[in-house]
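K.L.:
Pasting a structure here, questions to come.
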Amino acid sequence: MDAMTDDTKAGPDERLSYEQARAELASVVERLEAGGTSLEESLALWERGEALAVICQRWLDGARARIEAARQEPAS
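In the working numbering, the protein residues as written are 1349 to 1424.
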């Protein structure tokens, strides 16, 4: 079972769907671009954004691997 779907071993962030992580990442970027936050809050937002980007990339890597595996299977 892949790490993105094994809820018994995954932390709360790892249970996010690709769409949830992407939407939250977009919100983080929006807040950073808007400005008006303290340095500490900006750093926390940046770190959250980095974590969300990793989650999105894992989902995309998994999808790519599944597509590649499907393409290599012989046609019936």
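For each residue, glycine too, the CB sits at the ideal point set by N, CA and C.
#1: Could you give the uninterrupted runs of the alpha helix (DSSP H) lying entirely in the segment 1363-1409, keeping only those of 4 residues or more?
#2: Which whole-angstrom value is the C-beta distance of L1373 and L1400, which I expect to be below 8 Å?
#3: Identify which residue in A1413, G1384, Q1405 has its Cα closest to the Cα of S1365.
#4: CB I1426 to CB A1369, shorter than 7 Å?
P.N.:
Looking at the coordinates:
#1: 1366-1382
#2: For the purposes of this step, residue 1373 is taken as residue 25 along the sequence shown, with counting starting at 1. For the purposes of this step, residue 1400 is taken as residue 52 along the sequence shown, with counting starting at 1. Sure, about 4 Å apart at Cβ, within 8 Å.
#3: Here residue 1365 refers to the residue found at position 17 of the sequence shown. Taking only the C-alpha atoms, the option nearest S1365 is Q1405.
#4: Residue 1426 lies beyond the range of the chain shown here (1349 to 1424); nothing can be said about it.
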